[in-house]
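**Student:** Numbers -22 to -1, 1 to 168, taken from mature numbering (1 follows the signal peptide of the UniProt record, and there is no 0), label the letters of the sequence shown in order.
In this text, a Cβ means the ideal position worked out from N, Cα and C, and glycines have one as well.
Could you have a look at this structure, given as structure tokens, before my questions?
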Amino acid sequence: MKIITCLLLFILLIICIESKVAIRTYVVVQNGKANRNKLYGFTILDSKEETALYRLKVSSRDIDTAILVDNPGKNIVANLEDAWKNRKANVTFSIYDYKLNKWTDGSIQKKLRFLSTDYTVKYNDEQFIAKRKSLPKRIEVYHKNQNELLAEWRRRTKPLLSKRAKYDVKIYSNKVPDAIYFFLLLMMHQ
């Protein structure tokens, strides 16, 4: 009996240590219609699903393009360019920094592994990694050198129940602009 109690306390301790509190949460909903190349845009809502905060619009011509627009002001906050549906992708993006009043560039590289796909983000002289976790099924974004969990999201609806995917996004750090997480979600969803 003492062994079981000790094991339960040990498991509870591990759960408490690993749990983080999100500083921001979003609900990201797939738009109903795809463009001619079957790329979907998204609407980013607050955690209560009452207010649309951003729209992620996609288009395909010579290259795939995504534009993140803030909903109240209709200002372009970030953009992403290149073909990301390919097996290998190396896309570039720009994010507007209101504090510095300038655009900052970055890149996302998709690497296929034996049974998984990794995404490496380079932004502001830092590197971040996005990986799929199988149990429970979710995507996690880490700072590459510090192994710090920055954000995670999981798909809420199952494809058979709804045609529109819905994701719960939890942000744990201000080290990375939220636009990067939205671009990663877009690329990993397609």
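Grab the span of the alpha helix (DSSP H) containing Asp156 for me, first residue to last.
**Tutor:** That run of the alpha helix (DSSP H) goes 156 to 167.
**Student:** First and last residue of the beta strand (DSSP E) that includes Lys111?
**Tutor:** Here the beta strand (DSSP E) through Lys111 covers 104 to 111.
**Student:** Sort Lys(-21), Asn9, Ala108, Arg2 by Cα distance to Ser85 and report the nearest one.
**Tutor:** The candidate whose alpha carbon is nearest that of Ser85 is Ala108.
**Student:** Taking the alpha-carbon positions, what's the residue 203 to Tyr120 distance?
**Tutor:** With the chain covering -22 to 168 only, the question about residue 203 has no answer from this structure.
**Student:** Are the beta-carbon atoms of Asp146 and Thr3 separated by less than 8 Å?
**Tutor:** Yes, the Cβ-Cβ distance between Asp146 and Thr3 is below 8 Å.
**Student:** Helix, strand or coil, according to DSSP, for residue 169 in the structure here?
**Tutor:** Residue 169 lies beyond the range of the chain shown here (-22 to 168); nothing can be said about it.
**Student:** Identify whether Lys(-21) lies in helix, strand or coil by the three-state DSSP scheme.
**Tutor:** Note: Lys(-21) maps to helix in three-state DSSP.
**Student:** Can you tell me which of the three DSSP states Arg134 falls into?
**Tutor:** The answer is coil: DSSP assigns Arg134 none of H, G, I, E or B.
**Student:** Provide the residue(s) that pair with Ser38 in DSSP beta bridges, ordered along the chain.
**Tutor:** Its beta-bridge partners are Asp42.
**Student:** Mark Glu130 as exposed unless 16 or more other C-beta atoms lie within 10 angstroms of its C-beta, in which case mark it buried.
**Tutor:** So Glu130 counts as buried.
**Student:** Pull up the distance between the alpha-carbon of Ser38 and that of Thr(-18), whole angstroms please.
**Tutor:** Rounded to the nearest angstrom, the two C-alpha atoms are 58 Å apart.
**Student:** Closer than 6 Å by C-beta to Ile(-6): which residues in its own chain qualify, once you throw out the five before and the five after it? Chain order, please.
**Tutor:** Note that Ile(-6) scores a pLDDT of 45, beneath 50, so its modelled location is shaky and nothing firm can be said.
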